[in-house]
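The opening residue of the sequence shown carries number 1 in my numbering; numbering runs sequentially from there.
The beta carbon of each residue, even a glycine, is placed where N, CA and C say it ideally should be.
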Amino acid sequence: INDYYFVTIMKKDKSTTQGRRQYDVERQIATARALNVGNPDEGSRLYESIIRDLARKSSTDVLTGLPNRRELIERLTDIQNDADFNGIPYGIVFADIDDFKRFNTTYGHSKADEALRDAGEFFSSRLRGDDVAFRYAGDEFVIVASRADEKGVATLVERVVTGFNRANIGRATFRGDVM
């Protein structure tokens, strides 16, 4: 019998969404342990599947489905190493939704959540194959443009700003420099 160790990362309060998720994960782990006694291969596969699912969930923003800040930091390390080693350029675009707090207060959390989901879908739909949009925090998003020089990043910013203004999401402006 293999020993499995599980670190609790959320409070076990079943009255909250996180608590219910924690309870479900622990129930799945217990099932995997029980299966492991009778059928080691089946228990191990289930346990590994649960761990992969937890890893995916820990790197994905629940609301937008985009990779989250944790994933951004991990990927940036890889991208920077690739740039250092192979001389491959990349760009980073920071975007936030102007006056989002006022929007949230005026229209409520459900409309604000809808706006964040729409923004996440929008950013993802405007990217090239190697580019990735991340939800950084709150109403802030980051786009990492892989294999993009200054001109490529400027083109990406223009495409995002123009598209955002044409879509029925809000108004976008560009403030800053492409360096």
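8 Å Cβ cutoff met for residue i and residue j
i	j	result
F94	V142	yes
T77	R117	no
R75	V132	yes
E48	S59	no
Helix, strand or coil at residue i [DSSP, three-state]
i	result
G91	strand
D148	For the record, residue 148 in the displayed sequence is Ala; it is not Asp. Note: A148 maps to coil in three-state DSSP.
I143	strand
D131	coil
D96	strand
D64	Note on residue identity: the sequence assigns Thr, not Asp, to residue 64. Three-state DSSP puts T64 in coil, outside helix and strand.
K11	At K11, the pLDDT of 39 sits below 50, so the modelled position is not reliable; the number obtained from the coordinates is stated separately. In this structure, K11 counts as coil in the three-state DSSP scheme.
Proximal residues to residue i (C-beta, below 8 Å), its chain only, five neighbours per side dropped
i	result
A112	F100, F103, N104
D3	Only weak support is given to the placement of D3: the predicted model assigns it a pLDDT of 40, under 50, and the value that follows is read from those uncertain coordinates. Here the set comprises nothing.
T16	Because T16 sits at a pLDDT of 48, beneath the cut-off of 50, its placement in the model cannot be relied upon, and the following sentence gives the value as read from the coordinates. Excluding sequence neighbours, T16 sits near nothing in its chain.
Cβ separation of residue i and residue j, assumed to be a contact under 8 Å, to the nearest whole Å
i	j	result
D149	P67	Actually they do not touch by this definition, with Cβ atoms about 23 Å apart.
A137	G91	Rounded, the Cβ-Cβ distance is 20 Å, inconsistent with contact.
D139	I73	The Cβ separation is near 19 Å, so there is no contact.
V160	F123	7 Å
R126	G163	5 Å
Contacts around residue i, its chain only, beta-carbon distance under 6 Å, and the 5 residues preceding and following it disregarded
i	result
L156	A145
D82	I88
7 Å CB neighbourhood of residue i in its chain, flanking five on each side removed
i	result
Q80	none
K57	none
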